[in-house]
Each structure stands twice: as structure tokens, then as C-alpha cells.
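S.K.: Would you mind keeping the following structure in view while I ask a few things?
Numbering (my numbering), first residue to last: 140 to 284.
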């Protein structure tokens with residue numbers, strides 16, 4: 140176990156997990172959507188982060204590792220297999236005021252609102268939960284209207 144801790148550092152590998160969500164700026168998004176291995180890697184990384192996001196300490200580490208920027212880019216892909224764990228992570232993190240502000244500032248609310256019309260009930264549930272948490276803030280209530 141000490142080898143694992145040394146390999147992943149003090150944050151338990153959270154920054155490495157978050158970095159798996161990085162999509163380089165020059166990436167052809169349409170090609171990425173068709174790359175099943177890349178989509179599966181993004182889905183699995185998002186699932187792992189969703190599990191980790193249940194801890195306040197982990198949420199802080201994830202935020203400092205740039206999680207919101209990555210999630211805001213992933214949400215625009217609109218690939219359902221990625222969306223469910225991405226939005227689940229957002230809904231879990233949206234209980235934190237700093238995350239709520241970042242979700243609003245990142246333009247994520249418009250996507251969450253759009254996905255409320257999805258056929259995927261799990262996705263709709265996570266979107267509704269995230270919007271509910273974010274609606275505590277005046278800015279978000281204005282954006283939702």
C-alpha cells in the first residue's frame with residue numbers, strides 16, 4: 140500500500156483521475172465521439188470521480204485539480220454514456236457553494252436544463268438534483284427562468 144500512496148501522491152491520485160478527463164484543444168470532437176476506447180476511458184474516469192465526490196475532502200481536491208473545467212467541456216459532447224457520470228458528479232458536487240458558482244459561471248446550467256428533456260431517467264434525475272442545489276443561488280434562478 141505504501142507503493143500506491145507514493146505513486147499517487149498526497150491527493151490519492153485525484154489529480155491523475157481528473158487529468159483523464161482532459162480533452163486537448165486541438166481534438167476533433169466528432170472523431171472523439173466515434174472513438175469507443177476514448178469514450179469508455181472518459182466514462183470510467185467520470186464514474187470514478189463520481190464515487191470520490193461523496194467526500195468533502197475529495198471535492199476540494201477535485202476542484203483544485205480543475206474538475207469543473209473538464210466537466211464543462213465533457214458536457215458539451217452530449218454523449219449519453221459520458222453524460223450520466225459527468226452530471227452525477229456535478230449533482231454530487233453542487234451541494235458546495237463554490238461548485239455551484241463554478242457550474243453557473245461555466246455555462247453548465249443551460250445544458251442541465253436541456254437534458255431534463257432526455258429519455259434517460261437517470262440523467263434527468265441527476266440534472267434535476269444539480270439544478271435544485273444550484274437554485275439556492277439568485278444567479279442560477281435567473282439562468283433557469
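For glycine and all other residues, C-beta sits at the position ideal for the given N, C-alpha and C. From a predicted model like this one, the values you see are computed outputs, not experimental measurements.
Suppose you measure from the CA of residue 220 to the CA of residue 226; what does that come to, to the nearest Å?
M.R.: Here residue 220 refers to the residue found at position 81 when the chain shown is read from its first residue. Here residue 226 refers to the residue found at position 87 when the chain shown is read from its first residue. If I take the Cα positions, the gap works out to 11 Å.
S.K.: Going by beta carbon distance, what residues of the same chain come within less than 7 Å of residue 232, once the five residues before and after it are set aside?
M.R.: As a position in the chain shown, residue 232 is number 93, starting the count at 1. Cβ neighbours of residue 232 beyond the five flanking positions: 192, 198 and 238.
S.K.: Closest to residue 258 by CA distance: which of 270, 222, 211 and 163 is it?
M.R.: For the purposes of this step, residue 258 is taken as the residue at position 119 of the chain shown. Taking the Cα of residue 258 as reference, the smallest distance to any Cα among 270, 222, 211 and 163 is reached at 222.
S.K.: Can the beta-carbon of residue 190 be found closer than 7 Å to that of residue 154?
M.R.: Your numbering for residue 190 matches position 51 in the chain shown. Your numbering for residue 154 matches position 15 in the chain shown. No, the Cβ-Cβ distance between residue 190 and residue 154 is not below 7 Å.
S.K.: Buried or exposed: where does residue 148 fall if 16 or more other Cβ atoms within 10 Å of its Cβ makes it buried?
M.R.: Numbered from its first residue, the chain shown carries residue 148 at position 9. Only weak support is given to the placement of residue 148: the predicted model assigns it a pLDDT of 48, under 50, and the question is left unresolved by the model.
S.K.: Which residues mark the beginning and the end of the alpha helix (DSSP H) in which residue 193 is found?
M.R.: In the chain shown, the residue the question calls residue 193 occupies position 54. Premise fails: residue 193 is in no alpha helix (DSSP H) and is neither H nor E.
S.K.: Look up residue 146 in the DSSP assignment and say whether it is helix, strand or coil.
M.R.: Within the chain shown, the letter at position 7 stands for residue 146. Residue placement at residue 146 cannot be trusted, given a pLDDT of 43 that sits under 50; what the coordinates show is reported in the next sentence. Here DSSP, grouped into helix, strand and coil, assigns residue 146 to helix.
S.K.: Between which two residues does the alpha helix (DSSP H) holding residue 248 run?
M.R.: As a working mapping, residue 248 is identified with position 109 in the chain shown. Start and end: 247-254.
S.K.: Go ahead and label residue 170 buried or exposed: buried means 16 or more other beta carbons lie within 10 angstroms of its beta carbon, across all protein chains shown.
M.R.: Taking the first residue of the chain shown as 1, we reach residue 170 at position 31. Classification of residue 170: exposed, given that the 10 Å Cβ count is below 16.
S.K.: Put residue 204 into one of helix, strand or coil per three-state DSSP.
M.R.: Indexing the chain shown from 1 puts residue 204 at position 65. Three-state result, residue 204: coil.
S.K.: Put residue 141 into one of helix, strand or coil per three-state DSSP.
M.R.: Taking the chain shown and counting its residues from 1, the one referred to as residue 141 is at position 2. Since pLDDT at residue 141 reaches only 43, below the 50 mark, its modelled position is unreliable, and no value is offered.
S.K.: Keeping to the same chain, check which residues put their C-beta closer than 6 Å to that of residue 251; ignore five residues upstream and five downstream.
M.R.: Position 112 of the chain shown, counted from the start, is the residue given in the question as residue 251. Cβ neighbours of residue 251 beyond the five flanking positions: 266, 269 and 270.
S.K.: Cβ atoms of residue 213 and residue 184: under 7 Å apart, would you say?
M.R.: Position 45 of the chain shown, counted from the first residue, corresponds to residue 184. Position 74 of the chain shown, counted from the first residue, corresponds to residue 213. The answer is no: Cβ separation not under 7 Å.
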